[in-house]
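The next block holds one structure in the form of structure tokens; read it before the comments.
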Ligand SMILES: [Zn+2]
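Take a look at the structure:
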């Protein structure tokens, strides 16, 4: 029986040594999602896999799955692009690593992932360009780059089907869109205006899957207060096409809220801590 070969662009997520000469390779592929396979002789035969198995490399991979086996056989791989400038900055490197960790954790196996794949490679390309202009990042501030990182991350979560609900309260459906909220507040001003400032206690609650309005908060429920500006910025990031995300501006306060909220959300979804997330939090907190 002829085994069906797949040839597809792929991003290298991870490799591990397997015995004397083989490598165990985790790929995020455009046509088949996550693929875990063996590259036979890859540690010895550098000719067949020239420079292909470095972290985050964009490669073309050819593989098949032998009948009855769990692991694929990676027959062939060639380099399309690499992102060497990420290592010019700890920020960029950790954004890249975080993205790979996110994909490893949540992307499905054996399912085409064209949109997500293109979004991830476009993000890696973007931060690689930023890294190549290093020094002062050619005018991009740390905040601009972090904003770009979070708006891409939100796109990735959407493509993975696990984006948090931001537009409205996860419990009662009250909308957080600013125009509508002003109307609601005006209408109900005398009825339910118990709190000192409107919207002050709207919390992003990771375990609830998104925003919870102050009326729906359970007593002592934990969460991250999101300002109206932060909610609006995130809603915008969902709407803006990926190639135009660079036009979005985030304030430092918003970035702090988003970092705290989305990191907690992703950890909650993953059910565990993530190495690069811990680093990003520690590193950017001092900023
Ligand atoms: Zn509510």
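Numbering (my numbering), first residue to last: 44 to 330. For every residue, glycine included, the Cβ atom is placed at its ideal position computed from N, Cα and C.
Buried or exposed by the 16-neighbour rule on C-beta atoms within 10 Å, applied to residue i
| i | result |
| --- | --- |
| residue 266 | buried |
| residue 135 | buried |
| residue 153 | exposed |
| residue 223 | Note that residue 223 scores 48 on pLDDT, short of 50, meaning its location in the model is unreliable and no value can be drawn from it. |
| residue 40 | Nothing about residue 40 can be read from this structure; the chain reaches only from 44 to 330. |
| residue 138 | buried |
| residue 253 | buried |
| residue 111 | exposed |
| residue 226 | Because the pLDDT of residue 226 is 40, which lies under 50, any placement of that residue in the model is unreliable, and the number read from its coordinates should be weighed accordingly. With fewer than 16 Cβ atoms within 10 Å of its Cβ, residue 226 is classed as exposed. |
| residue 239 | Legend: pLDDT at residue 239 = 38, less than 50; position of this residue unreliable, value from coordinates given subsequently. Answer is exposed; the Cβ neighbour count stays below 16. |
| residue 245 | buried |
| residue 228 | In this prediction, residue 228 has a pLDDT of 41, which is less than 50 and means its spatial position is unreliable; what the coordinates show is noted afterwards. The residue in question, residue 228, is exposed, as its Cβ has fewer than 16 Cβ neighbours within 10 Å. |
| residue 231 | Low confidence applies here, because residue 231 scores a pLDDT of 34, under 50, leaving its location unreliable and the question unanswered by this model. |
| residue 290 | exposed |
| residue 64 | exposed |
| residue 202 | buried |
| residue 133 | exposed |
| residue 167 | buried |
| residue 314 | exposed |
| residue 184 | exposed |
| residue 62 | exposed |
| residue 204 | exposed |
| residue 54 | buried |
| residue 216 | exposed |
| residue 140 | buried |
| residue 176 | exposed |
Cβ-heavy atom distance, residue i to ligand 1, below 6 Å
| i | result |
| --- | --- |
| residue 271 | no |
| residue 214 | yes |
| residue 258 | yes |
| residue 217 | yes |
Bridge partners - residue i, DSSP secondary structure assignment
| i | result |
| --- | --- |
| residue 311 | Paired residue(s): none; residue 311 is not in a bridge. |
| residue 65 | 61 |
| residue 82 | 66 |
| residue 51 | 104 |
| residue 211 | 218 |
| residue 71 | 54 and 77 |
| residue 116 | 81 and 107 |
| residue 253 | 208 and 248 |
| residue 97 | BP columns for residue 97 are empty, so no partner. |
| residue 122 | 102 |
| residue 267 | 247 |
| residue 144 | Partner(s): none; residue 144 has no beta bridge. |
| residue 300 | Bridge partners of residue 300: none, in fact. |
| residue 202 | Answer is none; residue 202 lacks a bridge partner. |
CB of residue i within 7 Å of CB of residue j, strictly
| i | j | result |
| --- | --- | --- |
| residue 295 | residue 186 | yes |
| residue 80 | residue 151 | no |
| residue 147 | residue 56 | yes |
| residue 74 | residue 51 | yes |
| residue 298 | residue 189 | yes |
| residue 157 | residue 285 | no |
| residue 72 | residue 66 | no |
| residue 219 | residue 274 | yes |
| residue 117 | residue 163 | no |
| residue 106 | residue 115 | yes |
| residue 248 | residue 212 | no |
| residue 144 | residue 319 | yes |
| residue 288 | residue 194 | yes |
| residue 262 | residue 311 | no |
| residue 207 | residue 322 | no |
| residue 325 | residue 259 | no |
- Message: Three Cβ pairs or more, each shorter than 8 Å: is that satisfied between the stretch 257–273 and the stretch 94–107?
- Response: Between the stretch 257–273 and the stretch 94–107 there are fewer than three inter-stretch CB-CB distances shorter than 8 Å, so the stretches are not counted as touching.
- Query: Taking one C-beta from the stretch 118–130 and one from the stretch 285–304 each time, how about it: are there three or more such pairs within less than 8 Å?
  - Reply: no
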